[in-house]
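Protein chains in written order, with the working numbering: chain A, 6 to 331; chain B, -13 to 346; chain C, 37 to 489.
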Amino acid sequence: MAVLTYRDALTQALREELQRDDRVFLMGEEVAQYNGAYKVSKGLLDEFGPMRIVDTPITELGFAGVGVGAAMVGLRPIVEFMTWNFALLALDEVVNAAAKMHYMSGGQYKMPMVFRGPNGAALQLSAQHSQAWESWLAHIPGLKVCTPGTPADAKGLLKSAIRDDNPVVFLEGEMLYNVKGEVPEGEHIIPIGVAELKREGDHCSVITHGKMVLVAMRVADDLAKEGINIDVVDLRTVRPMDVEAISRSVQKTNRAVVLEEGWEICGMGSQVVDFIQRECFDDLDAPVLRVHQEDVPMPYAKNLERAAKPDAGKTIAAIRKVMYLD
Amino acid sequence: MSTETKRPVTQKPKDKPTARNNGADGTGKEPPKEFAGTTPELRRELLHSMLLQRRFEERCAEAYALGKIGGFCHLYIGQEAISTGVMSMIRPDDYVITAYRDHGQALARGISPRAIMAELFGRDAGVSGGKGGSMHLFDSQTNFLGGHGIVGSHVPIAAGVGFAIKYRRGNQVCVCFFGEAAVNIGAFHEALNMASLWDLPVIFIIENNRYGMGTAISRSTANEDVLVRAKGYRMEGETVDGQDVFAVRESMTRAIERARKEKRPTLIEMKTYRFMGHSMSDAVSGTYRTKDELEENMKRDPILLLHNKMYEAGELTEGEMHKIDDEAKAIAQDAWDFADASPEPPLEKLYTDVYTDTSS
Amino acid sequence: MATKVVMEALSPTMEEGRLVKWNKNEGDQVKSGDVLAEVETDKAVMELVARGDGVLRKRLANEGDASPVGTLIAVIAGADENIDSIVASAGAASAPATAPAQPAQAAQGTEAGSAPSEAPAPPQQKAPTQAPSAPPRPTPPAPPRPPSAPPAPPRGNGASRPAPAGGGRQRSSPLARRLATEKGIHLGAIQGTGPGGRIVKRDIENAKAAGVAAGPSAAAERLATEGDFKDVPLTQIRKTIARRLAESNGPVPTFFLTAEFDATRAAELRTQLLEMGEEYKVSFNDIVIRAVALALAEHPEVNAHWLGDKIRHFNRIHVAMAVAVEDGLITPVLFDADRMTLWDISGKARDLAKRARERKLLPEEYTGSTFSVSNLGMFGIDQFTAIINPPEAGILAIGGVEEKPIVADGQLEVRQRMRVTMSCDHRVIDGATGAKFLQTVRRYIENPLSLII
């Protein structure tokens, strides 16, 4: 099996889908001539031309709306936000138009579009360029929200997202683009809404998504040396969330830690905890704990940023706590 | 979604050949210049369409007061020449998108009055299945893309439709209506910039009725000459008297040609006036505009203007006017009766159409 | 101003007192110094006096109940005074706030009312024979019981459970509660090791391994059916001995009796039965269980439970047999084993063992025994000592049957021999009692035809 970077896996998915259906097009800032701010769209302009790989002005709200209009009349736009931090400007089109169009038109207009881009923190990008947006977007009925954490998942999910006739929010990560992993060739499709058990163990469930999947895997490896074996449930999609996968794991291990990169209050993890307490109440031997960013805007200084972010150490501490080990 | 086959825009009265047709009138009067390019039948249709909108909106006001229509209800009364004039110029395969003051445009586009009223009454037979309401009328059969509630947010969507037309190398146009207050919002600027930058076949129509809700344009807009913005985006533009259906049509001729042939957008300011408040929750006059002003402007009622022209040209008698008006009232009444008797959406439909199961 | 009436330390060594008799009724007017009740201490029967004036509004202990020193046993208050909060706190059977640590402190009594304390009777008064004087009291008081006898606390719902030791709500994880219910374990008997004393899964697992039987559970209720037992109240002497023994030897003061039985004739019987057909096949274990059951019928004082303040001799005989399962041990019960034939026992034992290994046993199938038997012979063990399953009084451990040379009547012979060890709770079974019981068991095993009569 080929080993690709997350970035290349995305490029492969884009290329394959652009080839497969000529209603698909990509638009965003610097996607064409610049080959993409993060090079995800490298080479696509040359292959597909300027009508299908479209450079936009810096007009997030505007070009998100352009995508909505195009989708309404039958095209399949992929709207790239250079980072999801900028998408805050576009939320009116994403939420009030794309998410609600099918419903408020009584089913007449579909929104077969994808909003994608890097989400969450990178390194020292400071407060305005480091936010994780999944909980804001997963809140909205009408949207689907995907959060792949590995190259294989990135490819498989992006293909599904592009083929889906619903508006799909696709959250990538700058820190993920260089991660390597095995990626199946060809028609590698991962259904939206299905989690994957990335590691198996009986002692504790760690439920996570996106960038934090790698942290969880590292934690699993470290703890295995001590004889502690954890389940790592990679959600892969946060809306709709695979509640069955979560329940199966927690019913087996009786304890759970939810790991996410966003903030605590009303963060994505709080929804996971709600599902667990509802579905697995009688199986819990300990309260469910969460590991997340500290409740502060992301600081610039390296040491402060490191302290703000969730990491393997904090995750291990939480796991040990729910196992009553300390 | 309409429950009956599409009615034509107007119901053609059974025309008897008279000496008055084609302007050959027994009195020998010359037809006005602006009649050029239209037939008496068409002019009757235009009149009928405007009257239908007027009578329909009046019933809406009544229905709202009786609690049959809930939420927000923004009436189009006084602006009928714009909707009628524009819709009479475009093709069925062209696209229309508008803001929340959409009843008039929907009727002028030919959507069933029954289906519209049912939507306003929140019934299953409504155009949007009762799921949208007054501000969200959608009809895919007539390419009526809604009905949008956030000021200016549909303007980029119109640009997107233009983009799709160009992408497919079609020659349709997309007509986009909004009020003059929307020319201040970011989405408007972003959309116009892209439409001009990318040569998109979109006709942006400013329905300048001088008031953005309770705020006169002089209090909200640094440059009240709204049309100057066209220049700012290297776009063609013009200002027309929106109460004059012929002027509206004429400006559309140029814009449509520009869109279809040159693939260039146009910004048209159509000056108009609304006779009711911003919405049913808003006073008709006496708060931010005086009664005198209202009455003064009502003298330029677009229906009256058309009627007078046709009457003076000798092609419309008072009797015929009443007949057309009666038909309009009857259709409005029929729409009310239909809506009132329609069932509400079944509770299961609460959960339908949040997502679609399809993929490609 | 209400006066709390608590069980007072009426002697320097007293840790609990049994309320023998109430002298006042609810509603009676009392004043300071009136004798409220007679209380049996560790040494004698003493008078408990009122330490405040008012109406005896509530009596919280019944005659015959024993309460630790410091327990609220009554409330004196104004006739219309609201005493709800005081009474409610009585549900928290709290450990005495001031465990009498030294005799000097005991002389002042505990948190009585506002009246100055009266000097209690001198400690040496009417002391029954007692070997050493009571040792210094570093140990915590005996596990508290509620002053009155409440119904069995509901299981499986920590929130509504009356609070146990410590005065706080007993915490338990939802999983622990579920497991406790499934295994018939009473949460009140368990000390939680989670934060705040939370009972968690490992506590249930450890409790099961240690054989913590159900307290007021279905099993106990089954065993408590009227007519199926006779209770012998403990005298204070018995209690004191028991307590001292317990303090010196862990929770259950155990001693062990070993014997070697001749199993030759039992082996022959087995062979003969096998020749008769598969359906007559029995194992040594079956034989032992039947022998034990019949012996228990003759020695009811061994077929007994230690219940803390009394010993219960059971009229019915339910023998538990230890079965090794994948991750531990489980003890399915043969109910009324004395009334089962050898073949009944054989069939039932086989079925229970099989289902035990498949984890298909129901709680009522592995709780409610009166005595236990454990057999490690099939694992090549000659002899071992088993641990008693409290509240049982004894357990018999069976080793393997092996061919051995013995001397009989001066002659060397080769016989089948079986070594057994009985662990006995000394609070219930004395050496002689246990030995006699084993003699009876020997008689049955060495004369195996008596098992099938």
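By construction, the Cβ of each residue, glycine as well, lies at the ideal position given by its N, Cα and C atoms.
Given Ala322 of chain A, which residues of its chain have a CB within under 6 Å of its CB, disregarding the five upstream and five downstream residues?
Cβ neighbours of Ala322 of chain A beyond the five flanking positions: none.
Which residues, in order along the region 204 to 217 of chain C, keep a beta-carbon less than 7 Å from a beta-carbon of chain A?
So the close ones are Ser209, Pro210, Leu211, Ala212, Arg214.
Since Asp287 of chain A meets chain C, which of its residues come closer than 9 Å, beta carbon to beta carbon?
Here the neighbours are Pro210, Leu211, Arg213, Arg214.
Which same chain residues, not among the five before or five after Ala422 of chain C, have their C-beta less than 8 Å away from its C-beta?
Excluding positions up to five away in sequence, the list reads Ala358, Ser408, Ser410, Ile431, Leu432, Ala433, Thr457, Ser459.
Within the continuous alpha helix (DSSP H) that includes Val85 of chain C, where are the two ends?
That residue, Val85 of chain C, is in no alpha helix (DSSP H); its beta strand (DSSP E) goes 81 to 85.
If you draw a straight line from the alpha carbon of Gly446 of chain C to that of Arg301 of chain C, how long is it in whole angstroms?
Rounded to whole angstroms, Gly446 of chain C to Arg301 of chain C spans 20 Å at the Cα level.
Buried or exposed: where does Asp331 of chain A fall if 16 or more other Cβ atoms within 10 Å of its Cβ makes it buried?
The residue is exposed, with fewer than 16 neighbouring Cβ atoms inside 10 Å.
If we define contact as Cβ-Cβ less than 7 Å, is Asp279 of chain A a contact residue for chain B?
False, the Cβ-Cβ gap to chain B never drops below 7 Å.
Check each candidate in C:Ser208, C:Pro426, C:Ala245, C:His222 and name the one with the smallest Cα separation from Thr229 of chain C.
Measuring from the Cα of Thr229 of chain C, the nearest candidate turns out to be C:Ser208.
From what residue to what residue does the beta strand (DSSP E) around Gln452 of chain C run?
It spans 447 to 461 - the beta strand (DSSP E) in which Gln452 of chain C sits, taken as one unbroken run.
Compare the C-beta of Gln133 of chain A against all C-beta atoms of chain B and say whether one is closer than 7 Å.
Closer than 7 Å: no.
For my contact list, Ala167 of chain B and Val137 of chain B are in at a C-beta cut-off of 8 Å; report their separation, rounded to the angstrom.
Their Cβ separation, rounded to whole angstroms, is 7 Å, which keeps Ala167 of chain B and Val137 of chain B in contact under 8 Å.
Can you pull the chain B neighbours of Val174 of chain A, defined as C-beta to C-beta under 9 Å?
Simply none; closest approach about 13 Å.
Tell me the DSSP bridge mates of Arg348 of chain C?
Arg348 of chain C is bridged to C:Asp267, C:His341.
Which term fits Leu92 of chain C, buried or exposed, when burial requires 16 or more other beta carbons within 10 angstroms of its beta carbon?
Per the 10 Å Cβ criterion, buried.
Using Cβ-Cβ distances below 9 Å, what residues of the region 216 to 232 of chain C are close to chain A?
Listed by position along the chain: Thr229, Gly230, Pro231.
Would a check of beta-carbon distances place Pro237 of chain C closer than 7 Å to chain A?
With the sequence shown as reference, residue 237 of chain C is identified as Lys, and Pro is not the correct amino acid for it. True, the Cβ-Cβ gap to chain A drops below 7 Å.
Where does Val72 of chain B sit, in a helix, a strand or coil, going by DSSP?
Helix.
In this structure, what does DSSP give as the bridge partners for Gly165 of chain B?
According to DSSP, which records beta bridges pairwise, Gly165 of chain B is partnered with B:Glu193.
Would you list the one or two residues that DSSP bridges to Pro123 of chain A?
Beta-bridge pairing links Pro123 of chain A to A:Glu177.
Which residues in the same chain have their Cβ closer than 7 Å to the Cβ of Ile63 of chain A, if we skip the five residues on either side of it in sequence?
Glu34, listed in sequence order.
Using a C-beta to C-beta distance shorter than 7 Å, which residues of chain C count as neighbours of Asp290 of chain A?
Within 7 Å Cβ-Cβ: Ser209, Leu211, Ala212, Val236, Lys237.
Among residues of its own chain, excluding the 5 on either side of Asp11 of chain B, which ones have a beta-carbon nearer than 6 Å to its beta-carbon?
In this prediction, Asp11 of chain B has a pLDDT of 46, which is less than 50 and means its spatial position is unreliable; what the coordinates show is noted afterwards. Answer for Asp11 of chain B: Gly300, listed in chain order.
Are Arg455 of chain C and Glu296 of chain C closer than 7 Å when you measure CB to CB?
Going by C-beta atoms, Arg455 of chain C is nearer than 7 Å to Glu296 of chain C.
Count the CB pairs spanning the region 248 to 256 of chain A and the region 269 to 282 of chain A that are closer than 8 Å, and state whether there are at least three.
At 8 Å Cβ cutoff, the stretches touch.
Hey, would you say Val174 of chain A sits closer than 7 Å to Phe91 of chain A, going by beta carbons?
Contact flag unset, no.
Which residues share a DSSP beta bridge with Glu224 of chain B?
Answer by DSSP bridge pairing, in chain order: B:Ile254.
Answer with yes or no whether the minimum CB distance from Asn234 of chain A to chain C is below 7 Å.
For Asn234 of chain A, the answer is no, since every Cβ of chain C falls outside 7 Å of its Cβ.
In whole angstroms, give me the CA-to-CA distance for Ala360 of chain C and Ile442 of chain C.
Spanning the two alpha carbons is a distance of roughly 32 Å.
Mind listing the chain A neighbours of Pro99 of chain B? Cutoff is C-beta to C-beta under 9 Å, in chain order.
Residues of chain A passing the Cβ test: none, with the nearest at roughly 17 Å.
Shorter than 7 Å from the beta carbon of Tyr297 of chain B to some beta carbon of chain A?
Taking Cβ atoms only, chain A never reaches closer than 7 Å to Tyr297 of chain B, which makes this a no.
Decide if the region 135 to 151 of chain A is in contact with the region 172 to 187 of chain A; the criterion is three or more beta carbon pairs, one per stretch, under 8 Å apart.
Because the criterion of three Cβ pairs below 8 Å is met, the region 135 to 151 of chain A and the region 172 to 187 of chain A touch.
From the DSSP output, in three-state form, read off Met32 of chain A for me.
In this structure, Met32 of chain A counts as strand in the three-state DSSP scheme.
For Gly70 of chain A, which three-state DSSP category applies?
Helix, per DSSP.
May I ask you to list the residues that DSSP assigns as paired with Ser33 of chain C?
Residue 33 of chain C falls outside the range modelled here, since chain C spans only 37 to 489, and no answer is possible.
If we ignore side chains and look at the alpha-carbon of each, how far apart do Glu241 of chain C and Lys390 of chain C end up?
About 21 Å.
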